Amino acid sequence: MRTQSKVMVVRRPRGGSLWAGLAANLGPVAFARAFWRRRELLAAFTRIEFASRYHGAQLGALWSLVSPLVTLAVYTFVFSVVFKPSWAGADGGVAGYALILFAGLTAFEVFSGSVNRAPRLLSENVNFIKKVQFPLEILPVGLVLAACLESLAALSLVVLGVLVTTGSLHPTALLAPLAYIPLAMLTLGLCWLLAPVGVFLKDLGNIIGVAVQLLFFATPILYPLSAVPEPYRGLLALNPLYPVVDHLRRTIIYGQMPDWPALGLTTVICAVVMLAGYSFFTNVKRLFADVV
């Protein structure tokens, strides 16, 4: 009797299989379902991330208010006393300018703090990478959500400042948190893209630090968009962070309704970035254990 043996043939994955895997994870329904199933784990990691930022500090979570206030004081002095820019809507003098500036800083801090940390995020959590069943995509989400919570606490100071300086609060302030939807999507998508690359490219953190600094000055935070020369104004308006900053100022400080077309378009673009980042992360995460 003749015995037949089965031979397993191992084939190299074709280039198209990677793109097929990326496309398979772009479905928003599957994306939402995956994180809804892990909502308890996600909430736990968000709490851990938020608490770890001020672990052992005497003031604890109060640093989330003290740190931006110190930064605000420095920028306000330099750009409203030394340089004295002309900003429409800053009717309250230095106080009015400080509120306009602080609204922009609180939004940008979510982006800068998370994106700067993303390249070393996986290296800081090597113990989770070694666990095969652990959903590593949770780590960037916890990072961004903790940053958003910290930013919302700082944004409450802007609301309080408007109330103190004007004696009233605009009803449109209730719409201010909508800005965090595209902001969180954009930041999360970039974190999912940068975190895997940071595992393989150790210099990425330094590169991103410089890029974020350049983006800060390319975002109308310290200055109004109207102060930019006309040939460059349209280019800076393409910055996805500008509609976010503009939305916070419109709704809280100026009492204006949001620019719905700009906010809607920005949200769609940021959603695409988020889904693309998630798809990239989930397709390369199996390689992390061999590198770290």
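Under our numbering, the residues of the sequence shown are numbered 711 to 1002, in order.
We put the CB at the ideal spot given by N, CA and C, even for glycine.
On a predicted model such as this, the values are computed, not experimentally measured, just so you know.
- Assignment of residue 952 by DSSP, reduced to helix, strand and coil, places it in the helix class.
- When rounded, the separation of the alpha-carbon atoms in residue 963 and residue 820 is 20 Å.
- Taken through DSSP and simplified to helix, strand or coil, residue 878 comes out as coil.
- Less than 8 Å separates the beta-carbon of residue 815 from that of residue 931.
- By the Cβ test, the region 943 to 963 is in contact with the region 878 to 892, since at least three Cβ pairs between them sit closer than 8 Å.
- Per DSSP, residue 938 lies in no alpha helix (DSSP H) and is assigned neither H nor E.
- For residue 921, the number of other beta carbons within 10 angstroms of its own is below 16, and it is reported as exposed.
- With fewer than 16 other CB atoms across the displayed protein chains lying within 10 angstroms of its CB, residue 967 is exposed.
- Taking 8 Å as the cut-off, the beta carbon of residue 847 is found no closer than this to the beta carbon of residue 755.
- Segment contact: the region 939 to 946 against the region 821 to 835, fewer than three CB-CB distances shorter than 8 Å; contact not assigned.
- Residues 848 of the same chain have their beta carbon placed closer than 7 Å to that of residue 751, with the five preceding and five following residues left out of the count.
- Excluding residues up to 5 positions away in sequence, 799, 810, 813, 814 lie with their Cβ nearer than 8 Å to the Cβ of residue 959 in the same chain.
- The beta carbon of residue 998 sits closer than 8 Å to those of 832, 839, 846, 906, 909, all from its chain and outside the five residues before and after it, given in chain order.
- Inclusion of residue 761 and residue 899 in the CB contact set at 8 Å is not warranted, their separation being larger than that value.
- It is roughly 15 Å from the alpha-carbon of residue 749 to the alpha-carbon of residue 739.
- Taking C-beta atoms under 8 Å as the contact rule, residue 904 and residue 896 fail to qualify, at a distance of about 12 Å.
- In the displayed model, residue 929 falls within coil according to three-state DSSP, outside both helix and strand.
- When C-alpha distances from residue 866 are compared across 804, 783, 919, 817, the shortest belongs to 817.
- By the neighbour-count definition (other C-beta atoms within 10 Å, threshold 16), residue 759 is a buried residue.
- With distances taken between CA atoms, residue 827 lies nearest to 919 out of 779, 984, 919, 861.
- Taking all protein chains in view, the Cβ of residue 902 is crowded by 16 or more other Cβ atoms within 10 Å, so the residue is classified as buried.
- For residue 824, the enclosing alpha helix (DSSP H) has its first and last residue at 804 to 827.
- Counting along the chain, residue 990 sits inside the alpha helix (DSSP H) bounded by residues 970 to 994.
- In the structure shown, residue 845 falls within a coil segment according to DSSP collapsed to helix, strand and coil.
- Classified as exposed, residue 944 has fewer than 16 neighbouring CB atoms from the shown chains inside 10 Å of its CB.
- Linking residue 994 to residue 878 through their CA atoms gives a straight-line distance of about 51 Å.
- Taking the Cα positions, residue 977 is about 12 Å away from residue 969.
- Taking a 10 Å sphere around the C-beta of residue 806, we find 16 or more other C-beta atoms and assign the residue as buried.
- Taking residue 949 as the centre and dropping the five residues before and after it, the same chain places the C-beta of 928, 929 closer than 7 Å to its C-beta, in chain order.
- Counting along the chain, no alpha helix (DSSP H) covers residue 833, and no H or E run does either.
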